[in-house]
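Asker: With the working numbering applied, the sequence shown corresponds to residues -8 to 70, in that order.
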Amino acid sequence: MKLFRYRKPSLKTLLGVTKVKRRIKKATGISAVQSLSPSRVKQKIKYNIGYNKPIFKHTRELSKGKVPSLLGWFSKLFK
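#1: In the DSSP assignment, find the alpha helix (DSSP H) that holds Asn39 and state where it starts and stops.
#2: Quick one: what does DSSP say Lys57 is sitting in, helix, strand or coil?
#3: Pick helix, strand or coil for Ser1, following the three-state DSSP scheme.
#4: Does DSSP put Lys48 in a helix, a strand or coil?
#5: Rounded to the nearest angstrom, how far is the Cβ of Lys3 from that of Thr9, given a contact under 8 Å?
#6: Just the C-alpha distance for Gly56 and Pro45, rounded to the nearest angstrom, thanks.
#7: By Cβ distance below 7 Å, which residues in the same chain neighbour Gln25 in space, the five residues on each side in sequence not counted?
#8: I need the DSSP call for Ser22, collapsed to helix, strand or coil.
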């Protein structure tokens, strides 16, 4: 255990309330249901397709009108 911490623990953490809440959520399956929200499903699909790969990022930047300059910085093509 560290002698000095960056932040002091909250009262709930010291009493174990947080740990109990997490166990209940995991046991009831609430977290599994929450992961089925539309925005999370959309995010998972994009990740599986590879939406955040460098080639797709570059393509999106080019479609917005950003082109690399000499030093590699991006600047607007049309302002």
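A virtual CB, placed ideally from N, CA and C, is assigned to each residue, including glycine.
This structure is a prediction, so every number in the text was calculated from the model and none was measured.
Answerer: Working from what's here:
#1: 29 to 40
#2: strand
#3: coil
#4: The answer is helix: DSSP assigns Lys48 an H, G or I state.
#5: The pair is a contact, with the Cβ atoms about 5 Å apart (cut-off 8 Å).
#6: 17 Å
#7: Within its own chain, no residue has a Cβ closer than 7 Å to the Cβ of Gln25 once the five positions on either side in sequence are excluded.
#8: The DSSP-derived three-state label of Ser22 is helix.
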